[in-house]
Amino acid sequence: MSVPCTDDYLQAGGPDREWMDQFRRNAARLRIPVSGMMELTRRCNLECVHCYQKGLRDCELPADLAVTTIGELAEAGTLFLTLTGGEPLMHPDFGAIYLAARKRGLIVSVFTNGTLVSTEHLRLWRRFPPRLVEISLYGAVAETHDAVTGQEGSFDRALAAVRRLLDCGVSIGLKTVILRRNLAEVPAIGRMAAALGVPFRVDPLVFAHHQWSRGDVSRLRAAARDAVGIELADQDRRRQWRVHAAQAAKTDQRRLYRCGAGITGFFIDARGWLAPCALAVHRAVPLRETGFAEAWCQLQGLQEIPSPASYPCNDCPWKPWCSGCPALSWCELGDETRPVPYACEIARARAELLEDRESCMMESAPGLREVQVK
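Here the sequence shown is numbered in this note's numbering, starting from 13 and rising by one per residue.
Written as C-alpha cells, this is what we have:
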C-alpha cells in the first residue's frame, strides 16, 4: 500500500514555489496543522493485493466525532483535509462529514477507488466542489486493474466515474502504485490521464505492515530501478525530487523524524485517534477524550526524538532521495531505526538515474555546465 505524506499539499512549483516555501516555514515555526487526512472507514468493497489493512475492515469513524473534530481543525488553522479510507464513500455519513468540512472553509480532497461514485455524490460535489477527487487506477486495461483489485468490473466502473465527474466539472486526478503486475502499463495510465487533462500521481513504494499484512510484499514489488525509471519519466516528478533533495540536505540530522509529520501535518484514523501521519499510528493519541487541540499538543515531542548514533540513515548518501522514514520502518519492520531495504534500493536508483539524466543533458548542451555554476 502507498500513502502520501500529509504535507504534500504544501509543495508547489513554478512561480508559487517561493511563496509556498515561506508559508511552509512559517507554519512549521508556529506548528500549525495546515494539512491532514481523515480516515473515515477501513471498510472497502475491493480486495487490492497490496492493501495492508485487509484484517482491519471493521473500523469506522463515528460521524459525530468526525464533525466535531472538523470544527476543531478549522479553529486550529487547518486548510487542507483529505477524506480517505478504506473506501470513504462506504461511510454512511460521508455526505454530512464532507459538507461539514466544506462549510467550515476547509479545502477538501477525496481519495476513492471510484466504483461507488453515485448521482448523489455528483450532486454534492457540483454544489460544493472538492479540491480534487483522486481515483486509483492500477492498470491501463481491465484485466490488469481487476486482477489487482480482486473485483471484476472495477476498472469499467472507475472509468465511468471519471467520465461522469469530468462531465460535472469536478476536478479529478488519477494515481497508481507501481507493482510487478502493472509495471509495463503505468506509462499508458499516465497517457490516459494526459488525454483527459488531469493530474497523475505515481508511487513506486508499495509497503507492508508487520502486524496486519498477509503474505510477502516482495512478490508484488517491481525491481527498484525499473519502478524508479517509470516514476522519473515525468518531468514534474524529477523536479519535485530535486527540490526535496535540496531541502533534505538542510534538515537537522540529529532528529529521527525530519519531516512535517506532527508539525504541519496529521492523520486521523478510523478509530478516532490522532497520529503524526498515516504510517506513524503507533504514536497516535485518542481524540474523543481530549479533543484535537490537546491531542495535537501531545504529539509535540515527536520531532525532538534524537536519532541514535548508530542510526544507519544518518550518513547515507542516498538519504536526500529516500521515501523511507522511521514510520515506514516501524510499519514494515516494527522498528523505527531499521531501514527498509526496498526503500534504500529506491533511493539509490533515484539518485543514480537523476545523475545519469543530468549527465546526458550536460553532454547534449555544450556550455550548460558553465552557465549553471556562474
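Backbone N, C-alpha and C fix where the C-beta goes; we use that ideal spot for every residue, glycine too.
Short Cβ contact (8 Å threshold) for residue i with residue j
i	j	result
L144	I82	no
A361	R237	yes
P332	A257	yes
H62	V189	yes
A282	E51	yes
C325	P351	yes
T53	E84	no
C343	L268	no
S166	N194	no
Nearest-angstrom Cα separation, counted from residue j out to residue i
i	j	result
G117	S322	46 Å
S376	E197	At S376 the pLDDT is 43, less than 50, meaning the model places this residue with poor confidence; the figure from the coordinates comes in the next sentence. In a straight line, the C-alpha of S376 is about 30 Å away from that of E197.
A113	A86	8 Å
M32	F279	21 Å
D368	G241	11 Å
A359	R139	43 Å
Q310	G274	10 Å
M373	G98	With a pLDDT of only 44 at M373, under the threshold of 50, the placement of this residue in the model should not be trusted, and no figure is reported.
R266	C328	13 Å
E30	F92	19 Å
F219	G202	22 Å
K187	G48	19 Å
D248	P216	15 Å
K386	A260	Confidence at K386 is low in this model, with a pLDDT of 26, below 50, so the placement of that residue is unreliable and no value is reported for it.
E348	C356	15 Å
T156	D76	39 Å
W308	A154	43 Å
S319	L340	15 Å
P353	Y64	18 Å
V122	V79	16 Å
F35	I317	25 Å
V174	W137	13 Å
W330	D105	44 Å
V229	T90	35 Å
A88	A234	41 Å
K115	G346	40 Å
K262	H294	27 Å
N38	R300	29 Å
L95	V46	15 Å
G313	L208	44 Å
Q163	D264	46 Å
A159	L42	46 Å
D70	P338	27 Å
Q315	M204	40 Å
According to DSSP, residues forming a beta bridge with residue i
i	result
S121	T94 and L144
G83	None, per the DSSP bridge assignment.
E51	T96
W285	P298
A363	A363 pairs with nothing; no bridge assigned.
D215	V189
A273	G277
I184	V145
R267	P318
E72	T53
Cβ shell of residue i (< 6 Å), same chain only, five flanking positions each side left out
i	result
W285	A296 and P298
T161	L58 and C60
A200	A152
H221	Y64 and C343
H103	L52 and T53
Top-ranked residue by Cα proximity to residue i, from the options
i	options	result
V129	K115, A88, A172 and L95	A172
L101	P141, C56, F92 and I119	C56
L191	A39, V153 and L232	L232
D246	Y269, A234 and P211	P211
A40	P338, E306, G277 and E301	G277
E132	I147, G209 and L111	L111
I119	E344, C343 and P142	P142
V336	R270, E301, E306 and L314	The residue asked about is misnamed: residue 336 is Gly in this sequence, not Val. Closest option to G336, Cα to Cα, is R270.
I44	A305, L314 and D168	A305
Same chain, Cβ closer than 8 Å to residue i, neighbours up to 5 away in sequence not counted
i	result
L134	R176, L177, C180 and V182
L366	L244, R250, W253, R254 and W333
A170	N125, G126, T127, I147, S148, L149 and H157
Residue-chain proximity (residue i, chain D), Cβ-Cβ < 8 Å
i	result
L42	Going by chain labels, chain D is absent from the structure shown, which holds only one protein chain.
Other residues of its chain near residue i: CB distance less than 7 Å, five sequence neighbours each side excluded
i	result
G303	E84
P74	G284
A363	W330 and W333
D387	Since the displayed the chain opens at 13 and closes at 386, residue 387 lies outside it and no answer follows.
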